[in-house]
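Novice: My structure is below; once you've seen it, I'll send some questions.
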Amino acid sequence: MLKRYNSGFAHLLEMNLVDGLSLINKALEKEMEERAWEFYLAFYPHQENPKSFDQVLAEVKSKQTTPQTKLSKEEIIRRAEAIKKADQRR
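Position 53 of the sequence shown, counted from 1, bears residue number 53 in this note's numbering, the numbering being contiguous throughout.
Right, here's the structure in full:
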């Protein structure tokens, strides 16, 4: 993402958190779509039963989501305390 938006990246630091994260998320989504398009163009001629780009994009998007692990409150607190302890050692 930085390779494309390097010159305009500094303004993200001045935005509020929600708007900045939304903009970063949109840029990452567009980059993923571009990669899916390049993949589609490279492999489309070699497919016996070609799929539409929308089908390929839907498959890529479904693989992009990573399941979140459910941590207990105790585990979250334990990890936070470990991070805090490591930071205080510096």
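No residue lacks a Cβ here, since even glycine has one placed at the ideal position from N, Cα and C.
Would you mind reading off the limits of the alpha helix (DSSP H) that contains Lys-51?
Specialist: Here Lys-51 belongs to no alpha helix (DSSP H), and DSSP marks it neither H nor E.
Novice: Hey, out of Lys-73, Lys-61, Ala-82, Ile-76, whose CA is closest to Glu-34's CA?
Specialist: Checked all of Lys-73, Lys-61, Ala-82, Ile-76; the closest Cα to Glu-34 is Lys-61.
Novice: With DSSP as the reference, label Met-15 as helix, strand or coil.
Specialist: Correct three-state label for Met-15: coil.
Novice: For Gln-47, which residues in the same chain have their Cβ closer than 8 Å to its Cβ, ignoring the five residues on either side in sequence?
Specialist: So no residue of the chain qualifies.
Novice: Take the Cβ of Tyr-40 as the centre, count every other Cβ of all protein chains shown within 10 Å, and call the residue buried at 16 or more, exposed below.
Specialist: Answer is buried; the Cβ neighbour count reaches 16.
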